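Undergrad:
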Ligand code: ASC
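Numbering (the numbering used here), first residue to last: 59 to 211.
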């Protein structure tokens, strides 16, 4: 009897973790987690833009690594806004339009994922013009979503 229970429990635990923090956690924890994801994205994207502007020294390995992290973060975003994680649940600039207009929001998230994939390709190419174009596109995807779905600071 006991042994028969072990496998389902182990499987359930695996499913819970692979579904990710967003589904498993308290709404306030999800808000904190998603803010951390965006912080990581920003802190990896920023230096690439700064290198292109000549504000810090260009470093190919850093560009590749940072682009990969931005792309990885972009793949998480779609899971970071479950129902019930609006401003009623905690400190967030997420607007209710996210849940009122899910298709429009999903389009913006998809755009972030697409442009982030372009960023990885551009980073790996080592071509600074291609990289500059990709940085611009990623930045536009950030801004487009913030314009519609994020409260101004
Ligand atoms: C960034 C950052 C954003 C976007 C946005 C682009 O580096 O943190 O939110 O770019 O400002 O318009």
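Cβ coordinates follow ideal geometry from the N, Cα and C atoms, glycine included. This structure is a prediction, so every number in the text was calculated from the model and none was measured.
(1) How long is the line joining the alpha carbons of residue 176 and residue 189, rounded to whole angstroms?
(2) Which residues does DSSP list as the beta-bridge partners of residue 152?
(3) Does residue 5 come out as helix, strand or coil in the three-state DSSP assignment?
(4) Which of helix, strand or coil does DSSP assign to residue 87?
(5) For residue 166, is the beta carbon positioned less than 8 Å from some heavy atom of ligand 1?
(6) What do you reckon, are the CB atoms on residue 207 and residue 163 nearer than 9 Å?
(7) In the structure shown, what three-state DSSP assignment does residue 184 receive?
(8) To the nearest angstrom, how far is it from the Cα of residue 92 to the Cα of residue 187?
TA: Quick answer:
(1) Taking the straight line joining both Cα atoms gives about 9 Å.
(2) BP columns for residue 152 point to 208.
(3) Here the chain covers residues 59 to 211 and nothing more, so residue 5 does not appear.
(4) Three-state result, residue 87: helix.
(5) Every heavy atom of ligand 1 is 8 Å or more from the Cβ of residue 166, so no.
(6) In this structure, residue 163 lies closer than 9 Å to residue 207 by Cβ.
(7) Reduced to three states, the DSSP call for residue 184 is coil.
(8) Answer to the nearest angstrom: the Cα atoms are 31 Å apart.
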